[in-house]
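Sequence lines, in order, name chains L and F.
Sequence positions in the first sequence follow our numbering and run 1 to 148.
Sequence positions in the second sequence follow our numbering and run 1 to 148.
We put the CB at the ideal spot given by N, CA and C, even for glycine.
As structure tokens, the structure follows; a few thoughts come after it.
There are 2 protein chains.
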Amino acid sequence: MISTRGRYALRVMCDLARHGNEYTPLKDVAEREGVSLKYLERIVPVLAKHRLIEGVQGRGGGCRLTREPSEYTLGEILRLTEGDLAPVACLADGAPECPRSGECPTLHIWSGYYKLTLDYFDGITLADLLRDTAGGVKARGKAGGSPC
Amino acid sequence: MISTRGRYALRVMCDLARHGNEYTPLKDVAEREGVSLKYLERIVPVLAKHRLIEGVQGRGGGCRLTREPSEYTLGEILRLTEGDLAPVACLADGAPECPRSGECPTLHIWSGYYKLTLDYFDGITLADLLRDTAGGVKARGKAGGSPC
DNA sequence: CGCAATACCGACCTTTAAAGTAGGCAAACT
DNA sequence: AGTTTGCCTACTTTAAAGGTCGGTATTGCG
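As structure tokens, then:
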């Protein structure tokens, strides 16, 4: 399951992308996206530290992207915020070799799934994400539930 | 991340498959697979309840598969033990429609990933799993770590 | 200059799920 | 009778998710 950190990160990146290279205050992003400002302030710095975005403090400041939306892959963003995308610990980045790896009947399966996952998310850019909603599927009201 | 429940379930199914239609005690499975018997006893009943396996109690009893290994998909096993395979709550089985679904830029992405996941795991059978280890890649010792 | 707006940072809190344990009952065989 | 087995319920422990709070540093504006 992708956690809120990764999901919010994607939405923040989208939101920033929509505002070109203006500096956009996180407060505005939080309001538009309906998530807590304080929580965003914990998620965003890691993106800034890795130069996916840049922030300037003070009045009139905010955050903005450092590249074109087409130059970000979702995989890149998710790896920063979610940690590893490996489906099992054995395959995670710094994991020690599993002692069962030779006899493990499932290792290939997880490995294949991992590759599938990476290929999928690394094959989608932020620009793709923006295009998807540009068409604007109409919202179907209904009662509340779990926001993405 | 796939949890131990799902991973152990796959390994139990493999183990049972290797013993044809003998009844195999969970104790033996636990020993061979190096996992706690007590924990297996919590995972297995759900497989029995859905008739993926059948168990007989008492001396000489144990568990065995109810079908040919080629007739189980990993998806089926994982859905029972892991719950839903949806990457986000919005897409989970009984989830209420997300109020943002119309404007959510990421929904298509998760949906696509979900489909990918289902296709992958539903496209692999238990028989495939057995075949993978039959060839027998040699174990590479190394120091301990996270068993699958 | 002082004030307000902003990003950034560290410590803390609450709730939930994962992972496993303990003990006992019910069936089935020897 | 006694042992082996599956099965069930309740409990514990640990870690992670998801968030809050308060403060600090920086910057523009009047």
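His108(L) touches chain F at which residues, Cβ-Cβ below 7 Å?
Asp132
Residues of chain F with a CB under 8 Å from the CB of Glu76(L): which are they?
Near Glu76(L) there are no residues of chain F at all, since even the closest Cβ is about 14 Å away, more than 8 Å.
Between the alpha carbons of Leu78(L) and Glu71(L), how many angstroms are there, rounded?
14 Å
For chain F, find out if any of its Cβ atoms is closer than 9 Å to the Cβ of Cys148(L); answer yes or no.
yes
For the beta strand (DSSP E) containing Arg100(F), name the first residue and the last one.
Unbroken run through Arg100(F): none, as it is neither H nor E.
Proximity below 9 Å, CB of Ile109(F) to CB of Leu129(L):
yes
Residue nearest to Leu65(F) in terms of C-alpha spacing, selected from Ala95(F), Thr24(F) and Ala30(F)
Thr24(F)
Three or more C-beta pairs below 8 Å linking the segment 82 to 92 of chain L and the segment 44 to 54 of chain L
no
Rounded to whole angstroms, what is the Cα-Cα separation between Glu103(F) and Gly94(L)?
37 Å
Can you check DSSP and say which residues form a bridge with Arg32(F)?
DSSP output for Arg32(F) lists no bridge partner at all.
Can you list the residues of chain L that Cys104(F) reaches, using a CB-CB cut of under 7 Å?
Cys148
When the cut-off is 9 Å and only beta carbons count, does Tyr23(F) lie next to chain L?
no
Close Cβ partners of Asp28(F) (< 8 Å) along its chain, the five nearest in sequence each way excluded:
Gly62
Quick check: is the beta carbon of Ile124(F) nearer than 9 Å to any beta carbon in chain L?
yes
Could you check where the alpha helix (DSSP H) with Glu76(L) kicks off and where it finishes?
Leu74 to Glu82
Pull out every residue of the segment 8 to 42 of chain L whose Cβ sits closer than 7 Å to any Cβ of chain F, in chain order.
Leu10, Arg11 and Cys14
Taking Arg67(L) as the reference, give the member of Tyr39(L), Asp132(L), Cys14(L) and Glu82(L) with the closest Cα.
Cys14(L)
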